[in-house]
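In my numbering, the protein residues as written are 8 to 381. Input: a single structure, listed below in structure tokens.
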């Protein structure tokens, strides 16, 4: 079993092109073509600091600006995100791109480990969470899906003992809110008023900071320019490159050839089921780490927009559940844990996005396990 998993892991390393982390090894690496999420964040922060928000929120102007800045053609990656992340990008853009990338990579790994330890997880689980393929994708492209997942996991686990700290964690996770939509449901079920109020205050501060730093135009341009582009990216015919690592039921339905209306209905139904399941889960007494793990799996069914790099919480959850059963794991457990690394390849080969079905099977097994004595 372990030989088969090791082979799959090596193939995964090749598939996601780990060499992109090394200077000059790939023409589209971070050190050549500025590709991926971190360079976009860095460029966005630089433009925001120089008062060029109109350029940032116009896809064509942003594309032309990056081509001039880097001296060659670049892959088009428009800035479609709310201004919440602009202060972070502005701070990072004070450093050269490569230095900022290194600081970001090492900093996020350190914070992730600290958050998971605060949540009460063993070092074995922390290491498995940091090594999971979803986190590798975050490191390759400079994503912050990993740190957001750890903020959410720690917030869920700490709300009973440290509600203010948990609220701060959820508030900070608003930088990428689609993975944290079930945390308020869990807190409503438990009556965690202090945690919810703290999270609301942190969210308000995050929303107001771009206004103080860059003016009201940051939000106005987002709603006028970026939001329609984001909606078009979600609704585009299935088969676009960015959809290959998608995690949503909406995109899965689209890969089956169904219309946007049917896919919307399926997404809404599964999101409502996830909300009900999370509420029921947290109304019961039980192992909080197991409950947090199951919630991280349920969260992947809520938003119509999500990617394999957002599945770090999924990797941590599988490790928690494996530890709870004394590390008795099967080949299927290993395949589940590795899935985020292979999702795009499977989609390419079959034309079908199967991640929601894989997560549903992992969730079913996790629920069965949670019902047994530890």
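From the three backbone atoms N, C-alpha and C, an ideal C-beta is built for every residue, glycine too. As the structure is a computational prediction, the values presented were derived from the model and not from experiment.
Measuring only the C-alpha atoms, how far is residue 208 from residue 184?
Taking the straight line from one Cα to the other gives about 15 Å.
Could you check whether residue 95 and residue 222 sit closer than 9 Å to each other, using their CB atoms as the reference points?
In this structure, residue 95 does not lie closer than 9 Å to residue 222 by Cβ.
Can you list, in chain order, the stretches of the alpha helix (DSSP H) that have 4 or more residues and sit fully within the stretch 245 to 281?
For the stretch 245 to 281, whole alpha helix (DSSP H) runs of length 4 or above, ordered along the chain, are 256 to 262.
Taking the alpha carbon of residue 325 as the reference point, which residue from 296, 308 and 352 has its own alpha carbon closest?
Comparing Cα-Cα distances from residue 325 to each of 296, 308 and 352, the minimum goes to 296.
Can you tell me the Cα-Cα spacing of residue 353 and residue 360, whole angstroms?
Cα-Cα distance, rounded: 8 Å.
Distance check for residue 285 and residue 192, CA to CA, integer angstroms please.
Rounded to the nearest whole angstrom, the C-alpha separation of residue 192 and residue 285 is 7 Å.
Below 8 Å on the Cβ atoms is my contact criterion, and I expect residue 99 with residue 153 to pass it. Report the Cβ-Cβ distance as a whole number of Å.
With a Cβ gap of about 16 Å, residue 99 and residue 153 do not count as contacting.
Which whole-angstrom value is the C-beta distance of residue 198 and residue 176, which I expect to be below 8 Å?
Taking C-beta atoms under 8 Å as the contact rule, residue 198 and residue 176 fail to qualify, at a distance of about 18 Å.
Please report the distance separating the alpha-carbon of residue 62 from that of residue 83.
Residue 62 and residue 83: Cα-Cα distance of roughly 14 Å.
Exposed unless 16 or more other CB atoms sit within 10 angstroms - verdict on residue 4
The requested residue 4 does not occur in the structure, where the chain is confined to residues 8 to 381.
Kindly provide the ranges of any alpha helix (DSSP H) runs that are 4 or more residues long and lie completely inside the stretch 111 to 151, ordered along the chain.
The qualifying runs are 130 to 138 and 140 to 148.
Let me know if residue 150 comes out buried or exposed under the rule of 16 or more other beta-carbons within 10 Å of its beta-carbon.
Buried, by the Cβ-count rule.
In this structure, does DSSP put residue 63 in helix, strand or coil?
Residue 63: helix per DSSP, three-state reduction.
Can you give me the Cβ contacts of residue 274 inside the same chain, cut-off strictly under 8 Å, excluding the 5 residues immediately before and after it?
So the list reads 255, 256, 257, 260 and 311, once near-sequence residues are dropped.
On the CB-based measure, 16 or more other CB atoms within 10 Å of its CB, does residue 6 come out buried or exposed?
Residue 6 is absent from the model: the chain starts at 8 and stops at 381.
Which term fits residue 129, buried or exposed, when burial requires 16 or more other beta carbons within 10 angstroms of its beta carbon?
With fewer than 16 other Cβ atoms within 10 Å, it is exposed.
Same chain, Cβ closer than 7 Å to residue 329, neighbours up to 5 away in sequence not counted
Contacts found: 336 and 340.
Among 251, 168 and 139, which has the Cα closest to the Cα of residue 157?
That would be 139, whose Cα lies nearest to the Cα of residue 157.
Would you report the Cα separation of residue 314 and residue 253, rounded to the nearest angstrom?
Each residue's Cα considered, the two are about 4 Å apart.
Please report how far the alpha carbon of residue 327 lies from the alpha carbon of residue 362, in whole angstroms.
Each residue's Cα considered, the two are about 20 Å apart.
Nearest-angstrom Cα separation, counted from residue 213 out to residue 179:
Rounded to whole angstroms, residue 179 to residue 213 spans 8 Å at the Cα level.
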